[in-house]
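A.B. asks:
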Amino acid sequence: MMRDDRLNGDVLTGGFADAPVQAARAFRAALEAMARPGKIETVEGAEGPGISTAAAVLLLTLCDRETPIHLAPGCNSDALRHWIAFHIGAPVVAADEAMFALGSWQALKPLDRYRIGTAEYPDRSVTLIVEVAALESAGMKLTGPGIETEAALSLPEVEAFARNGLLFPLGWDCYFTAQDRLAAVPRTTKVEAL
Numbered sequence: 001m002m003r004d005d006r007l008n009g010d011v012l013t014g015g016f017a018d019a020p021v022q023a024a025r026a027f028r029a030a031l032e033a034m035a036r037p038g039k040i041e042t043v044e045g046a047e048g049p050g051i052s053t054a055a056a057v058l059l060l061t062l063c064d065r066e067t068p069i070h071l072a073p074g075c076n077s078d079a080l081r082h083w084i085a086f087h088i089g090a091p092v093v094a095a096d097e098a099m100f101a102l103g104s105w106q107a108l109k110p111l112d113r114y115r116i117g118t119a120e121y122p123d124r125s126v127t128l129i130v131e132v133a134a135l136e137s138a139g140m141k142l143t144g145p146g147i148e149t150e151a152a153l154s155l156p157e158v159e160a161f162a163r164n165g166l167l168f169p170l171g172w173d174c175y176f177t178a179q180d181r182l183a184a185v186p187r188t189t190k191v192e193a194l
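Position 105, counted from 1, in the sequence shown is what full-length UniProt numbering calls 105; the numbers after and before it change by one each time, with no gaps.
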């Protein structure tokens, strides 16, 4: 009998141990982060090869067989592709076909190659999952829906968010992930330097 070397420990492990409970908690954290931009949530229960716990949790929670994922350089490894195939079944695609894109801010660029939705279907846009070294409630000022007065979040730049805001109701949404922490910046959020 031939053994498939792709089915090693990294591929078979790393999913939710108690999928219904952990997925429900993770989904709530993802929704809470998107509804309250800048709020940092802590998640657990998933480990994907070469990515943060938070990124792995988001992939397992928000993606399925019909959710095309783009892996930017630095994340695009055979191990992660096999992990996605085993645990999610999602196709890994080019940037312009993706509903979710994973990578560092620099590796995900240029941002104008991603789907921004259409007038009829603004929700058919990409969600970026941006891996960062650290995630702190400091740095850029966030205002808009879901924020009482203002919030702060350590973001890589202001300009890309300003350009994205001009596209509203079209545009992309972002999750930022570091270790077991995640935060979101939807297209409705205004980002300014402090």
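Note that CB positions come from ideal geometry on N, CA and C, so glycine has one too.
Are the CB atoms of F161 and V185 within a distance shorter than 8 Å?
C.D. replies: yes
A.B. asks: From the DSSP output, in three-state form, read off T188 for me.
C.D. replies: coil
A.B. asks: State whether the stretch 32 to 42 contacts the stretch 142 to 158, with contact taken as three or more CB pairs (one from each stretch) at a distance under 8 Å.
C.D. replies: yes
A.B. asks: Would you kindly check if the distance between the Cβ of T67 and the Cβ of A101 is under 8 Å?
C.D. replies: no
A.B. asks: Grab the span of the alpha helix (DSSP H) containing L58 for me, first residue to last.
C.D. replies: It spans 53 to 62 - the alpha helix (DSSP H) in which L58 sits, taken as one unbroken run.
A.B. asks: Can you give me the C-alpha to C-alpha distance between L135 and A54, rounded to a whole angstrom?
C.D. replies: Per the coordinates, the alpha-carbon of L135 lies some 11 Å from the alpha-carbon of A54.
A.B. asks: Please classify Y114 as buried or exposed, where buried requires at least 16 neighbouring CB atoms within 10 angstroms.
C.D. replies: By the neighbour-count rule (16 or more Cβ atoms within 10 Å), Y114 is buried.
A.B. asks: Please name the residue in F176, M140, V92, D180 whose C-alpha comes closest to that of E131.
C.D. replies: The option with the nearest alpha carbon to E131 is F176.
A.B. asks: If you count every other CB in all the chains shown that lies within 10 Å of the CB of L166, and 16 or more means buried, which is it?
C.D. replies: exposed
A.B. asks: Taking 8 Å as the cut-off, does the stretch 72 to 83 touch the stretch 41 to 52 (at least 3 CB pairs, one atom from each stretch)?
C.D. replies: yes
A.B. asks: Heavy atom of the ligand FMN less than 7 Å from the Cβ of P68, yes or no?
C.D. replies: Among the components of this structure there are no ligands whatsoever, and the ligand FMN is therefore not found.
A.B. asks: In the DSSP assignment, find the alpha helix (DSSP H) that holds E136 and state where it starts and stops.
C.D. replies: Premise fails: E136 is in no alpha helix (DSSP H) and is neither H nor E.
A.B. asks: Tell me which same chain residues have a C-beta within less than 7 Å of the C-beta of D180, skipping the five on either side of it?
C.D. replies: T42, V43, E44, T53, A54
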